[in-house]
Every structure is written in structure tokens, then in C-alpha cells.
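S.K.: Sequences listed follow chains S and E, in order.
Residue numbers for the first sequence follow the numbering used here, so the first one is 2 and each next one is one higher.
Residue numbers for the second sequence follow the numbering used here, so the first one is 4 and each next one is one higher.
First the structure, which I've put down as C-alpha cells, then a few questions once you've had a look.
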Amino acid sequence: MATQSSRKAARAMLSPTVILLLVWMIVPLAMTLWFSLQRYNLLYPDRTGFNDFGNYTRFVLSPAFGGAVVNTLVLVVGVLAITVILGILIALLIDQPIWGQGIVRILVISPFFIMPPVAALIWKNMFMNPTNGLFAEAAKFIGLSPYDFLGNAPLASIILIVAWQWLPFATLILLTALQSLSSEELEAAEMDGAGPVSRFWYIMLPHLARAITVVVLIQTIFLLGIFGEILVTTNGGPGTSSTTLPYLIYKEALLDFDVGTAAAGGVVAVILANIVAFFLMRAIGKNLDA
Amino acid sequence: MARHVTTQRRAINSAAAWTVALMLFFPILWTVLTSFKPEAQAVASPPIFLGFDWTLQNYVDVNEQRDYFRYFVNSVIIALGSTALGLVLAIPAAWSMAFVPGRKTKDLLMWMLSTKMMPAVGVLVPIYLLFKTLGLLDTRVGLVVVLTLMNLPIIVWMLYTYFKEIPGEILEAARMDGATLKSEILYVLTPMAVPGIASTVLLNIILAWNEAFWTINLTVTDAAPLTKFISGFSSPQGLFYAKLSAASTMAIAPILIMGWFSQKQLVRGLTFGAVK
Numbered sequence: 002m003a004t005q006s007s008r009k010a011a012r013a014m015l016s017p018t019v020i021l022l023l024v025w026m027i028v029p030l031a032m033t034l035w036f037s038l039q040r041y042n043l044l045y046p047d048r049t050g051f052n053d054f055g056n057y058t059r060f061v062l063s064p065a066f067g068g069a070v071v072n073t074l075v076l077v078v079g080v081l082a083i084t085v086i087l088g089i090l091i092a093l094l095i096d097q098p099i100w101g102q103g104i105v106r107i108l109v110i111s112p113f114f115i116m117p118p119v120a121a122l123i124w125k126n127m128f129m130n131p132t133n134g135l136f137a138e139a140a141k142f143i144g145l146s147p148y149d150f151l152g153n154a155p156l157a158s159i160i161l162i163v164a165w166q167w168l169p170f171a172t173l174i175l176l177t178a179l180q181s182l183s184s185e186e187l188e189a190a191e192m193d194g195a196g197p198v199s200r201f202w203y204i205m206l207p208h209l210a211r212a213i214t215v216v217v218l219i220q221t222i223f224l225l226g227i228f229g230e231i232l233v234t235t236n237g238g239p240g241t242s243s244t245t246l247p248y249l250i251y252k253e254a255l256l257d258f259d260v261g262t263a264a265a266g267g268v269v270a271v272i273l274a275n276i277v278a279f280f281l282m283r284a285i286g287k288n289l290d291a
Numbered sequence: 004m005a006r007h008v009t010t011q012r013r014a015i016n017s018a019a020a021w022t023v024a025l026m027l028f029f030p031i032l033w034t035v036l037t038s039f040k041p042e043a044q045a046v047a048s049p050p051i052f053l054g055f056d057w058t059l060q061n062y063v064d065v066n067e068q069r070d071y072f073r074y075f076v077n078s079v080i081i082a083l084g085s086t087a088l089g090l091v092l093a094i095p096a097a098w099s100m101a102f103v104p105g106r107k108t109k110d111l112l113m114w115m116l117s118t119k120m121m122p123a124v125g126v127l128v129p130i131y132l133l134f135k136t137l138g139l140l141d142t143r144v145g146l147v148v149v150l151t152l153m154n155l156p157i158i159v160w161m162l163y164t165y166f167k168e169i170p171g172e173i174l175e176a177a178r179m180d181g182a183t184l185k186s187e188i189l190y191v192l193t194p195m196a197v198p199g200i201a202s203t204v205l206l207n208i209i210l211a212w213n214e215a216f217w218t219i220n221l222t223v224t225d226a227a228p229l230t231k232f233i234s235g236f237s238s239p240q241g242l243f244y245a246k247l248s249a250a251s252t253m254a255i256a257p258i259l260i261m262g263w264f265s266q267k268q269l270v271r272g273l274t275f276g277a278v279k
């Protein structure tokens, strides 16, 4: 079908995209690698030259690094756990015959479209604020003293905010997968006397496995980069208690002007993300032929 | 699944589903309500749900005191600009991969996707410095370029999965009738692909509108879009809940409505076709 000339044309149409993406990938990454080996601080322009792996040791050995890695993992795992478990439950619920399913779907999916700074500021001010927030009002109403969410449990509060934003994504994908399950299979199981729990465990959950994998992997990619929510709620604090890897790098680069160390941190982040990406690509690649 | 259930079962399920849905939607509803309150009533204790003195003053204030409209225009230009540029690049690329696949097509697609996996912080420093050198910091052109490149793999992928579903025989027939490549794409393929292209456009506008890493870090004032504008509310200044709510409502309303229309296609776009 494809003639010589159409092949040539196809290549010509493909190349702008490929070349641009290649440049977009290689140039900044090469620069990051280069800077990561240099002494480069915008505040001390006279200190230059190779620093070997000094930036890496400085970044990795800095007191904030270990905490930032732990915080990043806690954030990612916490949000994943909440969104996947609640996502499955909500998807199962919405998949039942209910009145106004279309509107319910729209209400559930809505938080996903809220831009991150808006979501974070709404929660920070109107819900979690210890004097005027709705949670404080609710606490007062039932006779408890208000709790300073972002002050006392900053990371857990951020997890809550981010989970609110991503729960719709998990729900929507799991619901889509659930709806592709043939009802005959379920009915057959029902006839054979399988109760709701075993129907869920032996038929629905295996059917959802692929969708769950996709949800986990795609969310991980996005969650590893969570930034705006932290910037507008806690600024990484109090202290460094809600500083994640992306926020730490941002602080090094744009607040402390230490380009070299920030670049080293960037390389560390790229390596971590690539480990996740490796598994994601395999999962998606498998589905590509289907 | 169209299974038969009793009315009672249906009522219980419906009540549960609506409760969950309203709880998840409540923060948005509360923000919209608060945006119509006078500042003093926005922080009233106990909170007032509907019986407040409805006002549009906050919207007026946000526009006049904070120059909301300029940020809004920037958001529109950046979202539409990056989407348009992305389409111009991606339609030919997706066409060639869908209809003239080579041995390397699959690898190429996977590689494009892998560029998405790069964490933005990993390249923040070089992009920032490049932008500074090239004079692109705080320009709309700069942001359009970055967001185009960032979302290009998603656009290509989405278009590819839609193009794949168009039967190749139709294109062959057009070719037999002497259609040139250009007219084949313009008059045969594009009209058939309109629904797919439309949902790709919607998803991309949503992603670009809400992008909050590059838009915050690469702008100061001139090119700053709504993400930056809203971030400016992070340090409280007197009574500001109602104004924050008005600004937030205006920032999210257009995208929320678009999102409602594109939710079905969203799954496909965001999972790169892995879940349909």
C-alpha cells in the first residue's frame, strides 16, 4: 500500500515533531548534567570550574535531602492508596443502576479540572484554616477545639488536597474499565451462587487489574512532580516537614541560586522518575498491540 | 451493566452515590457561593450557606484592583496558542504513523511518550537559564513553546489512536481518484477525524490552562497567566476569602465546563489509549 513516495512524505511529516521532541529532551538534560558537575552559583559568579561530584554529595548529604525523599514517597504512596481504594469503591457505586448517573459522574469528575493553585488555596483557607475554616467551624460545633491542619500535619493535609484532585481521575478510569466488563460473566457467576464479595474478588478485581496498573503508574508520574500545591500552602514547611524533592530543587535553584546543586538534584529526580517510567512504558507497550 | 434491581435497591444506591458526589463537589460549590458573599459574611461563624447578602462586588473588585482580565487573556493565549501549534505539528506526524507505519513506528511512539516522563524540575535550571539568555522569560511566546513541547506527545498519541480507527481503504480510494497528499489530509482525513481532533483540542486546552509549574516559574507579570495570579493569594491580606473565591471561580469556570464535555475522551487521552 505504501509507495516509495508516500514513505518519503510520511517521513517528512513526522520529522518536525521528532526533531523538536529530541531537542526538548536532549538539550536541557545535557545542560542539567553539565551544570551538575560544575561550581555554579549565581550569587558567587567568580567561583567556577569542575566540581566533580561535589554537587551530588552536597545535595544528597544535605540535611533536607533524606527528609525530602521520604516526604516525596509518603506523598505519592499516600495519595495512591487513597485514590485507588476510594476510586474502586466509588466506581462500583456509580456503576450500579442509579438515578441521575450522568450528573453524578459530572460532579465526581469535577475536582480534576480545578487548577492546582486554586484547589490548594481553597482547601488551605476555606477548609483547613484554624480560625475561619469550615473544619474549624465543624470542630467548634461538636465541641472540639479547632485543629491547625497545615501547621501540625502539613504533609497529611497536602495528601488530602492532592487526593481530592486525583480521586476523580482514578474513579473515571476504573469506572470505564468496569463498564467494559460483560454482564454475562457476572450473571453466570451469580447463577453459580457466587456472592457479591467473591464476584468482586474473583471477577471484577482481575478485570480491573490493568486499569489499576495504569492509574498507579500515570498518577505516580504526575505525583512525583507535585509542586504548585506545596508552594501555595506550606512553602515546604514548617521547617522542611513538607518539602518534597521537586520543592527542594526549586528552592536550591530559584531561591538559593545554587544552579550546580539544583542541577544535581534534577539528575537525581530524573533517575527516580525513569525507574517508574520503565515499568509504565512496559505496561502501556503491552496494550499497544491489543 | 443493565441488571434489574428493585426500586428500593436503586434508591439506596442512588442516595449513596449522590452523597459521595456532592461531598466531592462541595469545595467547588462552596467557593462559588463564597464568591457572592460580602467579605465579612464569608468568614461568618457559624458559616452562612445561602442566606447572605448576595453581591457581585467581589468580581468587580478582583477585576479592578487586581487586573484579573490581563491574566485571563494570558491564560487564553497560552492555552490556545500551545494547542494550535501542537496540532499543526501533531496532525501530520500522527497521520504518517497511523497510515504509513514503518518497522520503527511503535518504538517511536513509545519514545515520544517517554519524553513526558521527564520530571519538570529535572530541567528547570537549564530551561530557566536558556529563557533568560534568549529573552524569553516572562513572555507568552516562551510559555507557548514550552507547553507545546510538554503536551506534544499526548496530542500525537491521542490523534494516533483516533486516526487508527479510520479505515485505510477510504484514503486509498481517494488516492486512486488522484487526490494529492495535501488534499487527502485536508478533505478526506480531517473531516472524518473532527470528533477525535476536537476532543484532543479540549484535553490539551485543559492541560495547558491548569499547568502550574512552568507557568509559575517562568513568568513574573507580563505573561503571567491565572495560575500565577491565583498563587498571589497565598499570603493572606486582611479579609480576602470572597475575593479569592471570585478569582478562583473565574479561573476554573471555563475549564470546568469544557471538562464536563470532554470527560468521556479524557480517559483515552490520559491513559494513552491503554484504557478505552
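The C-beta atom is built at its ideal place from N, Cα and C for all residues, glycine as well.
Just so you know, these numbers come straight off a predicted model, no measurement behind them.
(1) Leaving out five residues on either side along the sequence, give the residues of the same chain with a beta carbon under 7 Å from the beta carbon of E:ILE219.
(2) Excluding the 5 residues preceding and the 5 following S:PRO155 in the sequence, name in chain order all residues of the same chain whose CB lies nearer than 8 Å to its CB.
(3) Between which two residues does the alpha helix (DSSP H) carrying S:PHE142 extend?
(4) From this set, E:THR151, E:PHE243, E:SER248, which residue's C-alpha is nearest E:TRP212's C-alpha?
(5) Do you know offhand how far S:PHE36's Cα is from S:GLY68's?
(6) Taking the beta carbon of S:MET127 as the centre, do at least 16 other beta carbons fall within 10 Å, making it buried, or is it exposed?
(7) Check each residue of the region 222–255 of chain S: if its Cβ is closer than 7 Å to any Cβ of chain E, include it; give the result in chain order.
(8) Leaving out the 5 sequence neighbours to the left and right, which residues in its chain are closer than 8 Å to S:LEU15 when beta-carbon positions are compared?
(9) Measure the CB-CB distance between E:LEU112 and E:MET100 and report whether it falls below 8 Å.
(10) Going by DSSP, what residue range makes up the alpha helix (DSSP H) through S:ILE104?
(11) Please name the residue or residues paired with S:ASP259 in a DSSP beta bridge.
(12) For the candidate residues S:GLU138, S:LEU30, S:ALA254, whose alpha-carbon lies nearest to that of E:PRO122?
(13) Residues in its own chain within less than 6 Å of S:TYR41 by CB, not counting five upstream and five downstream?
(14) Could you tell me how far apart the beta carbons of S:LEU224 and S:VAL70 are, in whole angstroms, since I believe they sit closer than 8 Å?
(15) Using 8 Å as the limit for Cβ to Cβ distance, is S:LEU267 near chain E?
(16) Taking all protein chains shown into account, do 16 or more other C-beta atoms lie within 10 angstroms of the C-beta of S:LEU5, making it buried, or fewer, making it exposed?
(17) Which first and last residues belong to the alpha helix (DSSP H) in which S:ILE231 is found?
(18) Quick check: is any heavy atom of the ligand COA less than 7 Å from the C-beta of E:VAL8?
(19) State the Cα-Cα distance for the pair E:VAL3 and S:ARG106, rounded to the nearest angstrom.
(20) Under a Cβ-count criterion, where at least 16 other Cβ atoms within 10 Å of its own Cβ denotes burial, should E:LYS135 be classed as buried or exposed?
(21) Does S:MET2 come within less than 8 Å of chain E when only Cβ atoms are used?
(22) With a threshold of 8 Å between beta-carbons, can E:ALA5 be considered close to chain S, or not?
(23) Whole angstroms are fine: how far does the CA of S:GLU185 sit from the CA of E:SER238?
(24) Have a look at E:MET115 and E:LEU59 and give me their C-alpha separation to the nearest angstrom.
(25) When DSSP builds the beta bridges, which residues end up paired with S:PHE51?
(26) Assign S:THR111 to buried or exposed, taking buried as 16 or more other Cβ atoms, counted over all protein chains shown, within 10 Å of its Cβ.
(27) Using CA coordinates, which residue listed in S:GLY267, S:GLU230, S:THR221, S:LYS125 is at the minimum distance from E:PRO30?
(28) Determine, using beta carbons only, whether S:GLU138 comes closer than 8 Å to chain E.
(29) Enumerate, from N- to C-terminal direction, the unbroken alpha helix (DSSP H) stretches of 4 or more residues contained entirely within the region 88–166 of chain E.
(30) Beta-carbon of S:MET192 versus every beta-carbon of chain E: anything under 8 Å?
(31) Does the Cβ-Cβ distance between E:ILE94 and E:GLY272 come in under 8 Å?
(32) As an exercise, report each continuous alpha helix (DSSP H) stretch of at least 4 residues that is fully enclosed by the region 23–78 of chain E, in chain order.
(33) Whose CA, out of E:VAL159, E:THR222, E:PHE75, lies closest to the CA of E:THR252?
(34) Might you give, ordered along the chain, the residues of its own chain that have their beta carbon closer than 7 Å to the beta carbon of S:TRP167, omitting 5 neighbours on each side?
(35) Does any C-beta atom of chain S lie closer than 8 Å to the C-beta of E:VAL126?
(36) With 7 Å as the C-beta to C-beta threshold (strictly closer), list the residues of the region 245–268 of chain E near chain S in chain order.
M.R.: For this structure:
(1) Taking the second sequence and counting its residues from 1, one reaches residue 219 of chain E at position 216. Leaving aside the five residues that flank E:ILE219 on each side, the residues in its chain whose CB is nearer than 7 Å to its CB run, in chain order, THR230, LYS231, SER234.
(2) Within the first sequence, residue 155 of chain S is the residue found at index 154, counting from 1. Within the same chain, Cβ atoms closer than 8 Å to the Cβ of S:PRO155 are found at THR234, THR235, GLY238, PRO239, SER242, SER243, the five residues on either side in sequence being excluded.
(3) Counting from 1 along the first sequence, the entry for residue 142 of chain S is found at position 141. S:PHE142 -> alpha helix (DSSP H) spans 135–142.
(4) Within the second sequence, the letter at position 209 stands for residue 212 of chain E. It is E:THR151.
(5) Walking along the first sequence from the start, residue 36 of chain S turns up at place 35. Walking along the first sequence from the start, residue 68 of chain S turns up at place 67. So the two alpha carbons sit approximately 24 Å from each other.
(6) As a first step, residue 127 of chain S must be located in the first sequence, where it is residue number 126. Looking at its Cβ environment, which holds 16 or more other Cβ atoms inside 10 Å, S:MET127 is buried.
(7) The residues in question are ILE222, LEU225, GLY226, PHE228, GLY229, LEU232, VAL233, PRO247, ILE250, TYR251, ALA254, LEU255.
(8) Position 14 of the first sequence, counted from the start, is the residue given in the question as residue 15 of chain S. Cβ-Cβ distances below 8 Å link S:LEU15 to nothing in the same chain once the five nearest sequence neighbours on each side are left out.
(9) For the purposes of this step, residue 112 of chain E is taken as residue 109 along the second sequence, with counting starting at 1. For the purposes of this step, residue 100 of chain E is taken as residue 97 along the second sequence, with counting starting at 1. Yes. Within cutoff.
(10) As a working note, residue 104 of chain S is residue 103 in the first sequence. For S:ILE104, the enclosing alpha helix (DSSP H) has its first and last residue at 102–110.
(11) Reading the first sequence from its first residue, position 258 is the one you call residue 259 of chain S. BP columns for S:ASP259 point to S:ASN42.
(12) The residue you call residue 122 of chain E lines up with position 119 of the second sequence. Of the candidates S:GLU138, S:LEU30, S:ALA254, the one whose C-alpha sits nearest the C-alpha of E:PRO122 is S:LEU30.
(13) For this step, residue 41 of chain S is matched to residue 40 along the first sequence. Here the set comprises VAL260, GLY261.
(14) Mapped onto the first sequence, residue 224 of chain S falls at position 223. Mapped onto the first sequence, residue 70 of chain S falls at position 69. No, S:LEU224 and S:VAL70 are not in contact; Cβ-Cβ is about 14 Å, not under 8 Å.
(15) Numbered from its first residue, the first sequence carries residue 267 of chain S at position 266. According to the sequence provided, residue 267 of chain S is Gly. The question's Leu does not apply to it. Nearest CB-CB separation between S:GLY267 and chain E: below the 8 Å threshold.
(16) Here residue 5 of chain S refers to the residue found at position 4 of the first sequence. The sequence as given places Gln at residue 5 of chain S; Leu does not occur at that position. S:GLN5 comes out exposed.
(17) Numbered from its first residue, the first sequence carries residue 231 of chain S at position 230. Residues 229–234.
(18) In the structure shown, the ligand COA is absent, as is every other ligand, since no ligand is present at all.
(19) Outside the shown range of chain E, which is 4 to 279, sits residue 3 of chain E, and nothing can be said about it.
(20) Locating residue 135 of chain E in the second sequence gives position 132, counting from the first residue. The residue is exposed, with fewer than 16 neighbouring Cβ atoms inside 10 Å.
(21) Here residue 2 of chain S refers to the residue found at position 1 when the first sequence is read from its first residue. Low local confidence applies: a pLDDT of 49 at S:MET2 is under 50, so the model's placement there is unreliable, with the coordinate-based value given in what follows. So, interface residue.
(22) Position 2 of the second sequence, counting from 1, holds the residue named residue 5 of chain E. The predicted model places E:ALA5 with a pLDDT of 48, which falls under 50 and marks its position as unreliable; any figure quoted below should be read in that light. E:ALA5 counts as touching chain S.
(23) Taking the first residue of the second sequence as position 1, residue 238 of chain E is located at position 235. Taking the first residue of the first sequence as position 1, residue 185 of chain S is located at position 184. Between E:SER238 and S:GLU185, the C-alpha separation is close to 56 Å.
(24) The count along the second sequence starts at 1 and reaches residue 115 of chain E at position 112. The count along the second sequence starts at 1 and reaches residue 59 of chain E at position 56. The C-alpha of E:MET115 lies about 47 Å from the C-alpha of E:LEU59.
(25) Position 50 of the first sequence, counted from the start, is the residue given in the question as residue 51 of chain S. S:GLN39.
(26) Residue 111 of chain S sits at position 110 when you count from the first residue of the first sequence. For the sequence presented, residue 111 of chain S should be read as Ser rather than Thr. By the neighbour-count criterion, in which a residue is buried when 16 or more other Cβ atoms sit within 10 angstroms of its Cβ, S:SER111 is buried.
(27) Translated into positions along the second sequence, residue 30 of chain E becomes position 27. Nearest to E:PRO30 by C-alpha distance, out of S:GLY267, S:GLU230, S:THR221, S:LYS125, is S:LYS125.
(28) Working through the first sequence from its first residue, we reach residue 138 of chain S at position 137. S:GLU138 counts as touching chain E.
(29) Counting whole runs of 4 or more residues, the region 88–166 of chain E contains the alpha helix (DSSP H) stretches 108–119, 127–137.
(30) Here residue 192 of chain S is taken as the residue at index 191 of the first sequence, counted from 1. No, because no Cβ of chain E sits closer than 8 Å to the Cβ of S:MET192.
(31) By 1-based counting over the second sequence, the position of residue 94 of chain E is 91. By 1-based counting over the second sequence, the position of residue 272 of chain E is 269. Cβ atoms of E:ILE94 and E:GLY272: not closer than 8 Å.
(32) For the region 23–78 of chain E, whole alpha helix (DSSP H) runs of length 4 or above, ordered along the chain, are 42–45, 60–69.
(33) Against the second sequence, residue 252 of chain E aligns to sequence position 249. Out of E:VAL159, E:THR222, E:PHE75, E:PHE75 has the C-alpha closest to the C-alpha of E:THR252.
(34) Here residue 167 of chain S corresponds to residue number 166 of the first sequence, with the count starting at 1. If we look at S:TRP167 and ignore the five residues flanking it on each side, its Cβ neighbours are VAL80, THR84, GLN220.
(35) Here the question's residue 126 of chain E lines up with position 123 in the second sequence. For E:VAL126, the answer is yes, since a Cβ of chain S falls inside 8 Å of its Cβ.
(36) Taking 7 Å as the cut-off between beta carbons, the residues of the region 245–268 of chain E near chain S are LEU247, SER251, ALA254, ILE255, ILE258, LEU259, GLY262, TRP263, GLN266, in sequence order.
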